[in-house]
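Take a look at the structure below.
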DNA sequence: CACAAGTATGCTGCATGCAGAATTTTGTTT
DNA sequence: AAACAAAATTCTGCATGCAGCATACTTGTG
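Chains as they are written, first to last, in the working numbering: chain A, 5 to 233; chain B, 5 to 233.
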């Protein structure tokens, strides 16, 4: 049987958004992924199966399975005989990923203009307006989360599952870095302006314009982030 | 210690292209992936840990870890309590994936024009010429493999690792389907014509043209494949 | 004869044990 | 005191054992 602590882990995972049948595997994956994204596990850290397992209250077997999963996602690396290490992204890695992300979001924007319903677009507009509120208040964390939500929403509105899945993998790799690198008032203002254009293009269903904005927005993100790496 | 059969599995894996230090994990992943791509494991098949493990000569533990890895790659699905199943792709899944692939290859083409050396382009030309030979002989399998190689080469020449990695995941999901659906002499001729244009655009380093060809080529691939699903 | 309930088998998911590699500590020599 | 060597410890990688769930089968009943 799964231990007490493991049951807790599953419950915590399930409470984020109840799944048909939450599994320990998924719970561990989600937890370790968060630990990486939130910076609890610093890049370069060697993951000690014994300690980490005790910490999470699971035995080494399901933990190892979860780690292999995260290796495949590109968040961890495997050194034979030495276990898993939190992957370190070079500046080039980040740049490369942002180029691809920009391209994927550009595609998503184009498809979203085509496939989204009016109601769905209105929902994105609401997210956008709430985000602008947070910007007025200079409330960084909720701004950041809403920002992510908007990008995810556009991806979802593309109605292309393959696109959503590859995007989310790349996105997860950079999540931490993007959060770190979100500095400077004038650059922030620039990002906000981009978002204003975005929502307008989406409402006008102007596929080419939205696509362009999203791609260029990502290039600017690189400018914002590059010094933080 | 890893069993005799396991050692054999590793050796076989290593012989494809010797790695610094081949691991059993990688060998199992590669083997099962191939079994799926080559159709030995039909979509929908439930993977029996006991049998499959015996078949490959490994115990359940490393096998399960490998399966989790393949789940993350999207080749398998997990039903809680019922283990791993070879993922079944719907027509929409394939179409969605091809759209994304087309976009990624388009990006790769653009980057390749920018970053590839002349020598590298000459190598692609050689692959192309060999592929044309195979077309003349109507020798399907080597043609297919060279075709894949050319596409992979363009990806590599983009010098963008993130791009290579997301592309290869998506590519692996469709590899089997693309092979199946490569039928009909007139469509084949069309694909060959596309490739002729591709190599010309690459040699001319005409980024926009190459990008366009690659994206459109993928749309045509859908036409070739759609009836086979 | 059809169908449902109970039973039996088999499989997954998790824990633990063990061998060998990696690392650290300790001891020895210069 | 520093550098190297050897022993001891720790950790990974793999195998196996066990509990609980899923499924198939059997048996009883309408």
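Glycine is no exception: its CB is placed at the ideal position from the N, C-alpha and C atoms.
In chain A, which residues lie less than 8 Å from residue i when you measure between Cβ atoms?
i: residue 97(B); result: 165, 166
i: residue 73(B); result: 72, 73, 75, 76
i: residue 63(B); result: Residues of chain A passing the Cβ test: none, with the nearest at roughly 12 Å.
i: residue 100(B); result: 164, 165, 166, 167
Could you spell out the range, first to last residue, of the alpha helix (DSSP H) harbouring residue i?
i: residue 239(B); result: No answer is possible for residue 239(B): it lies beyond the span of chain B, which begins at 5 and ends at 233.
i: residue 60(A); result: 53 to 60
i: residue 83(A); result: Careful: residue 83(A) lies outside any alpha helix (DSSP H), inside the beta strand (DSSP E) at 80 to 83.
i: residue 72(A); result: 64 to 77
i: residue 195(B); result: 189 to 207
i: residue 47(A); result: Residue 47(A) -> no alpha helix (DSSP H), and no H or E assigned at all.
i: residue 232(B); result: No alpha helix (DSSP H) holds residue 232(B); DSSP gives it neither H nor E.
i: residue 103(B); result: 95 to 119
i: residue 156(B); result: 144 to 161
i: residue 134(A); result: 122 to 140
i: residue 31(A); result: 28 to 41
Beta strand (DSSP E) containing residue i: first to last residue?
i: residue 87(B); result: 87 to 90
Go ahead and label residue i buried or exposed: buried means 16 or more other beta carbons lie within 10 angstroms of its beta carbon, across all protein chains shown.
i: residue 145(A); result: exposed
i: residue 200(B); result: exposed
i: residue 113(A); result: buried
i: residue 110(A); result: buried
i: residue 175(A); result: buried
i: residue 22(A); result: exposed
i: residue 135(B); result: buried
i: residue 94(B); result: exposed
i: residue 189(B); result: exposed
i: residue 15(B); result: exposed
i: residue 122(A); result: exposed
i: residue 179(B); result: buried
i: residue 171(A); result: buried
i: residue 83(A); result: exposed
i: residue 212(A); result: exposed
i: residue 77(A); result: buried
Pull up the CB-CB distance for residue i and residue j, whole angstroms please, since I reckon it's below 8 Å.
i: residue 3(B); j: residue 132(B); result: Lying before the first or after the last residue shown, residue 3(B) is absent from chain B, which here runs from 5 to 233.
i: residue 219(A); j: residue 151(A); result: Rounded, the Cβ-Cβ distance is 17 Å, inconsistent with contact.
i: residue 41(A); j: residue 98(A); result: Their Cβ separation, rounded to whole angstroms, is 14 Å, which puts residue 41(A) and residue 98(A) out of contact at 8 Å.
i: residue 79(B); j: residue 177(B); result: 6 Å
i: residue 18(B); j: residue 26(B); result: 4 Å
i: residue 101(B); j: residue 166(A); result: 4 Å
i: residue 222(A); j: residue 214(A); result: Not a contact, Cβ separation roughly 13 Å.
i: residue 53(A); j: residue 64(A); result: 5 Å
Quick one: which chain A residues come within Cβ less than 7 Å of residue i?
i: residue 68(B); result: 69
i: residue 210(B); result: Here the premise fails: no neighbours, minimum Cβ distance about 19 Å.
i: residue 25(B); result: 84
Run through chain A and tell me which residues come within less than 9 Å of residue i, C-beta to C-beta.
i: residue 77(B); result: 76
Taking Cβ-Cβ distances shorter than 8 Å, what residues in chain B pair up with residue i?
i: residue 111(A); result: 103, 104, 107
i: residue 174(A); result: 166, 170
Any contact between the segment 161 to 173 of chain B and the segment 105 to 125 of chain B? By contact I mean 3 or more CB pairs, one from each, below 8 Å. The segment 161 to 173 of chain B makes contact with the segment 105 to 125 of chain B, as at least three CB pairs between them are under 8 Å.
Sufficient close CB pairs (3 or more, under 8 Å) joining the segment 25 to 35 of chain A to the segment 20 to 30 of chain B: The answer is no - the segment 20 to 30 of chain B does not touch the segment 25 to 35 of chain A, with fewer than three Cβ pairs under 8 Å.
With three or more C-beta pairs closer than 8 Å as the rule, is the segment 79 to 98 of chain A touching the segment 38 to 48 of chain A? Touching, yes, given that three or more Cβ pairs across the two stretches are closer than 8 Å.
With a cut-off of 8 Å, do at least 3 Cβ pairs link the segment 65 to 75 of chain A to the segment 51 to 69 of chain B? Short answer: they touch.
Is the number of C-beta pairs between the segment 213 to 228 of chain A and the segment 190 to 200 of chain A that are closer than 8 Å three or more? Yes: the two stretches touch, three or more of their Cβ pairs being nearer than 8 Å.
Does the contact criterion of 3 or more C-beta pairs under 8 Å hold for the segment 120 to 130 of chain B versus the segment 201 to 209 of chain B? With a cut-off of 8 Å, the segment 201 to 209 of chain B and the segment 120 to 130 of chain B count as touching, because enough Cβ pairs lie within range.
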